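Peer 1: Input: one structure, supplied below.
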Amino acid sequence: MIRPLLPRCARALRATSTAAARRPSHALPALPALPALPALPILSASASHAARRMYSIQPEAASTAKPVDVDPSKLVIHKTTNPKSLVDPSTLIFGRNFTEWTQTEGWRTPTIQPYQNLSLDPATCVFHYGFECFEGMKAYKDKAGNVRLFRPDKNMERFNKSAARIALPTFSPSALIDLITRFATLEERFIPDQRGYSLYLRPTMIGTQKTLGVGPPGSALLFVIASPVGPYYPTGFKAIALEATDYAVRAWPGGVGDKKLGANYAPCVLPQLEAASRGFQQNLWLFGPEQYVTEKELITHPLDGTILEGVTRDSILSLARERLAPEGWRISERKITMAALAEASAEGRLMEIFGAGTAAIVSPVRTISWKGKPVDCGLKEHEESGEIALRMKGWIEAIQYGDEEHDWSHVC
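Throughout, the working numbering is defined as the position within the sequence shown, counted from one, plus 691.
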């Protein structure tokens, strides 16, 4: 999956969950503060949940700590007195321009307020033990000017799974969708009404308990930041080259590769840099002695705990079963090895390969380097995408922008 990292965003939704916490008796001196960044707006909410002291010797505290649910009816909006000017849509680059709000203060009183820095104690558990998870989703504007979200229920379902896996509190999916809907509607002036443009939304949850003891966090912060973004491919599709990576493993059975944790991304950067130094745009992660392919194609790897439960992946499979199966296509979720892909390519049976994700919808692949040799992925020299990738992109965009009425599109 190709998923570029995003810099700091200008607006955010935020919520906190607190419980009895114990600070270490001695704190290390803090490093000098970085220069202040321009003030931008924020959406936030706070909540508390009952829990005993969170020492690592009391792991049962994670299951007994029940957060008060998010209540959208208590939303408070603090508008900025110095709103950020709009940006020419043609100058937007993915992840570079941001809106002006962030969510602070927690579950009980959601607020939208000017963007500002977070102030966290140096002993906060997210810094030491990686208690962090996030989501990636977009808001679109249709021809009538309505703001739409694409399958937000799937994002919330995955967000809760990620949070629960690392002992962070969960939340009501419908409540957070309500808050994000109101947040996106408030920021609709930052959503260009052109195809390919959208407002990228990044819900994030972090553990905020101030302790160096390892255990379930007694407090947490949930916030949402946003960024107006342009097309991933502003001049049209550009097929990429992948390097099949077998010297490093992204995920393994029983691990957390299927959860959207920040800790899953940092270890992948070095292999990406190494692949880039050899002229490749991304890694194709292999696993085990059989070197199973763990990326997502129409013959796609099953959800066995080693790949993310992608919303775009699920959408492509659903549309394929609905619209391609009647045309004679067989849609299957099964493991496929790199050797099998190379054999299909050599025999001329490999029609196309593409990745899937929120950022680009689909990302066509031209070649894969495996064991030092190129594996052709079916595209002709003048082609940047195969037929199926193009059709999938068209179908999904039509739903996202409201050209096709579909229950996947949530009108704000």
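Where is the CB? At the ideal position from N, CA and C, for every residue including glycine.
Note that the structure is a prediction, hence the values are computed from the model and not measured.
#1: Along the chain, which unbroken stretches of the alpha helix (DSSP H) at least 4 residues long are found entirely within the segment 837 to 863?
#2: The beta strand (DSSP E) that contains Lys829, what's its start and end?
#3: Which first and last residues belong to the alpha helix (DSSP H) in which Phe818 is found?
#4: Can you tell which of Pro801, Phe850, Arg880 and Leu994 has the C-alpha that lies nearest to the C-alpha of Glu833?
#5: Just list the beta strand (DSSP E) runs in the segment 931 to 1005, keeping only unbroken ones of 3 residues or longer that don't cross its boundaries, in chain order.
#6: State the DSSP-derived secondary structure class of Phe825, mapped to helix, strand or coil.
#7: Are the beta-carbon atoms of Leu903 and Ala814 separated by less than 8 Å?
#8: Residue ranges of each alpha helix (DSSP H) run of no fewer than 4 residues wholly in the segment 1017 to 1059, ordered along the chain?
#9: Put Leu912 into one of helix, strand or coil per three-state DSSP.
#10: Let me check understanding here. Comparing Cα to Cα, which of Ser1100, Ala930, Ala1011 and Ala917 lies closest to Cys1068?
#11: Among the candidates Pro1017, Gln982 and Ser1076, whose CA atom is the shortest distance from the CA of Phe1045?
#12: Could you check where the beta strand (DSSP E) with Gly1093 kicks off and where it finishes?
#13: For Gly827 versus Arg893, is the C-beta spacing smaller than 8 Å?
#14: Return yes when the Cβ of Met1083 is within less than 8 Å of the Cβ of Leu1010, no when it is not.
#15: Between which two residues does the beta strand (DSSP E) holding Pro813 run?
#16: Buried or exposed: Glu1043, going by 16 or more other Cβ atoms within 10 Å of its Cβ?
#17: What is the DSSP secondary structure of Ile882, counted as helix, strand or coil?
#18: Leaving aside the five residues before and after His1097 along the sequence, list all residues of the same chain whose C-beta is less than 6 Å from its C-beta, in chain order.
#19: If you compare alpha carbons, which of Val905, Gly1063 and Lys950 is closest to Val817?
#20: Going by beta-carbon coordinates alone, are Pro962 and Thr997 separated by less than 8 Å?
#21: Assuming contact is defined by CB atoms lying nearer than 8 Å, are Ala875 and Cys1103 in contact in what I supplied?
#22: Go to Tyr891, then tell me how far its beta strand (DSSP E) extends in each direction, as first and last residue.
#23: Would the beta-carbon of Leu890 fall within 8 Å of that of Pro919?
#24: In terms of DSSP beta bridges, what is Tyr1101 paired with?
#25: Is the Cβ-Cβ distance between Arg886 and Glu1095 less than 8 Å?
#26: Given that a residue counts as buried once 16 or more other Cβ atoms are within 10 Å of its Cβ, and exposed if not, what is Gly1019?
#27: I want to check one thing, is the minimum distance from the CB of Ile857 to the heavy atoms of the ligand MG below 7 Å?
#28: Taking just the CA atoms, how far does Ser1060 sit from Arg839?
#29: Here's the rule: buried if 16 or more other CB atoms are within 10 angstroms of the residue's CB, otherwise exposed. What is Ala942?
#30: Ordered along the chain, which non-local residues of its own chain (more than five positions away) have a Cβ less than 6 Å from that of His1101?
Peer 2: In short:
#1: 843 to 856
#2: By 1-based counting over the sequence shown, the position of residue 829 is 138. Residues Met828 to Lys832.
#3: Against the sequence shown, residue 818 aligns to sequence position 127. Start and end: Cys816 to Tyr820.
#4: In the sequence shown, residue 833 corresponds to position 142, counting from 1. The sequence shown places Asp at residue 833, not Glu. The shortest Cα separation from Asp833 among Pro801, Phe850, Arg880 and Leu994 belongs to Arg880.
#5: 931 to 936 and 973 to 978
#6: Numbered from its first residue, the sequence shown carries residue 825 at position 134. Residue state, collapsed to three classes: strand.
#7: Numbered from its first residue, the sequence shown carries residue 903 at position 212. Numbered from its first residue, the sequence shown carries residue 814 at position 123. Yes, these two residues count as a Cβ contact at 8 Å.
#8: 1029 to 1037
#9: As a first step, residue 912 must be located in the sequence shown, where it is residue number 221. Strand, per DSSP.
#10: For the purposes of this step, residue 1068 is taken as residue 377 along the sequence shown, with counting starting at 1. Of the candidates Ser1100, Ala930, Ala1011 and Ala917, the one whose C-alpha sits nearest the C-alpha of Cys1068 is Ala930.
#11: The residue you call residue 1045 lines up with position 354 of the sequence shown. Minimum Cα distance to Phe1045 is reached at Ser1076.
#12: Residue numbering aside, residue 1093 sits at position 402 when the sequence shown is read from its first letter. Looking at the DSSP string, Gly1093 is not in any beta strand (DSSP E), and its letter there is neither H nor E.
#13: Looking up residue 827 in the sequence shown gives position 136. Looking up residue 893 in the sequence shown gives position 202. Yes. Within cutoff.
#14: As a first step, residue 1010 is located in the sequence shown; it is residue number 319 there, counting from the start. As a first step, residue 1083 is located in the sequence shown; it is residue number 392 there, counting from the start. Yes, the Cβ-Cβ distance between Leu1010 and Met1083 is below 8 Å.
#15: Sequence index remark: in the sequence shown, residue 813 carries index 122 (1-based). Run containing Pro813: none; DSSP gives neither H nor E here.
#16: Counted from its first residue, the sequence shown places residue 1043 at position 352. So Glu1043 counts as buried.
#17: Here residue 882 refers to the residue found at position 191 of the sequence shown. DSSP places Ile882 in coil when its eight states are reduced to three.
#18: The sequence position of residue 1097 within the sequence shown is 406, counting from 1. Closer than 6 Å at Cβ, skipping near neighbours: Ile1090.
#19: What you label residue 817 is simply residue 126 of the sequence shown in a count that begins at 1. For Val817, the nearest C-alpha among the options comes from Val905.
#20: The residue given as residue 962 occupies position 271 in the sequence shown. The residue given as residue 997 occupies position 306 in the sequence shown. No, the Cβ-Cβ distance between Pro962 and Thr997 is not below 8 Å.
#21: Reading the sequence shown from its first residue, position 184 is the one you call residue 875. Reading the sequence shown from its first residue, position 412 is the one you call residue 1103. Yes, these two residues count as a Cβ contact at 8 Å.
#22: Your numbering for residue 891 matches position 200 in the sequence shown. Ser889 to Gly898 is the extent of the beta strand (DSSP E) around Tyr891.
#23: In the sequence shown, residue 890 corresponds to position 199, counting from 1. In the sequence shown, residue 919 corresponds to position 228, counting from 1. Closer than 8 Å, so yes.
#24: To locate residue 1101, count along the sequence shown from 1; it is residue 410. The residue you asked about is not Tyr; residue 1101 is His in the sequence shown. Answer by DSSP bridge pairing, in chain order: Leu840.
#25: What you label residue 886 is simply residue 195 of the sequence shown in a count that begins at 1. What you label residue 1095 is simply residue 404 of the sequence shown in a count that begins at 1. For Arg886 and Glu1095, no; Cβs fall outside 8 Å.
#26: Position 328 of the sequence shown holds residue 1019. It counts as exposed.
#27: For the ligand MG, the structure offers nothing, since it holds no ligand at all.
#28: Residue mapping note: residue 839 aligns to position 148 of the sequence shown, counting from 1. Residue mapping note: residue 1060 aligns to position 369 of the sequence shown, counting from 1. If you take the alpha carbons of Arg839 and Ser1060, they lie about 39 Å apart.
#29: On the sequence shown, position 251 is the one that residue 942 refers to. Classification for Ala942: buried.
#30: The count along the sequence shown starts at 1 and reaches residue 1101 at position 410. So the qualifying residues of the chain are Leu840 and Pro843.
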